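Chemist:
Spelled out as structure tokens, the structure:
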């Protein structure tokens, strides 16, 4: 059994085991795919938690893990929301599919039922020249837009 290295002990009283385990898995994905040890930060919320990693010029991620949505914007419970995902243009074709596969596998394993991309991400440019945007990456993956401009897909 691996040791918990991501989240300090006081969070254990505030987060469910599945969020703690998902955070550990996310930390391992970051280490394997970026070939560096970056600290993933966890911020508990009333509906779950947020995970973030900001390493300018290398990678940034802001992921909301909602165990419940309370009907906010018509979003379902047990939802992973990618609010920010960025990396260098040369790495996007490698990192995004790997991250998406991670969300599908580990999201399902930890009881999440949907993945969504925040409306601020859907139309944002990925590369410096603005040639690729998140919607171009999501359309082939069968995401659909819901009225509040989230791209959402059930976890299969």
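Residue numbers (the working numbering): -7 to 148.
Even glycine gets a Cβ: it sits at the ideal position worked out from N, Cα and C.
Remember, predicted model here, so these are calculated numbers, not experimental data.
(1) Take the Cβ of residue 56 as the centre, count every other Cβ of all protein chains shown within 10 Å, and call the residue buried at 16 or more, exposed below.
(2) Hey, quick one: how far does the alpha helix (DSSP H) through residue 100 stretch, first residue to last?
(3) Can you tell me whether residue 147 is helix, strand or coil according to DSSP?
(4) Would you tell me roughly how many angstroms separate the C-alpha atoms of residue 100 and residue 133, rounded to the nearest one?
(5) Which ranges would you report for the beta strand (DSSP E) in the segment 40 to 84 if only whole runs of at least 3 residues count?
(6) Going by DSSP, what residue range makes up the alpha helix (DSSP H) through residue 109?
(7) Ignore the nearest five residues each way along the sequence and tell me which others in residue 60's own chain have a CB closer than 6 angstroms to its CB.
(8) Residue 45 to residue 148, Cα distance in whole Å?
(9) If you drop the 5 nearest sequence neighbours on each side, which residues of the same chain put their C-beta closer than 7 angstroms to that of residue 181?
(10) Output needed for residue 17: all residues of its chain with C-beta closer than 7 angstroms, excluding positions within five of it in sequence on either side, in chain order.
(11) Measuring only the C-alpha atoms, how far is residue 117 from residue 126?
(12) In three-state terms, what does DSSP make of residue 27?
(13) Here's the rule: buried if 16 or more other CB atoms are within 10 angstroms of the residue's CB, otherwise exposed. What is residue 65?
(14) Helix, strand or coil, according to DSSP, for residue 22 in the structure here?
Modeler: Checking against the coordinates, here is how it stands:
(1) For residue 56, the number of other beta carbons within 10 angstroms of its own is at least 16, and it is reported as buried.
(2) Where residue 100 is concerned, the enclosing alpha helix (DSSP H) stretches over 84 to 101.
(3) Residue 147: coil per DSSP, three-state reduction.
(4) Spanning the two alpha carbons is a distance of roughly 17 angstroms.
(5) 40 to 47, 51 to 58 and 71 to 79, all fully within the segment 40 to 84.
(6) Counting along the chain, residue 109 falls outside any alpha helix (DSSP H), though it belongs to the beta strand (DSSP E) covering 106 to 109.
(7) For residue 60, where only same-chain residues beyond five positions count, the Cβ hits under 6 angstroms are 39 and 69.
(8) Cα to Cα, residue 45 sits roughly 26 angstroms from residue 148.
(9) Past the edges of the chain, shown from -7 to 148, lies residue 181, and the structure says nothing about it.
(10) Result list for residue 17: 98, in chain order.
(11) At residue 117, the pLDDT of 48 sits below 50, so the modelled position is not reliable; the number obtained from the coordinates is stated separately. Straight through space, the alpha carbons of residue 126 and residue 117 are spaced by roughly 7 angstroms.
(12) Three-state DSSP puts residue 27 in coil, outside helix and strand.
(13) Result: exposed.
(14) Look at residue 22 here: in three-state DSSP terms it is helix.
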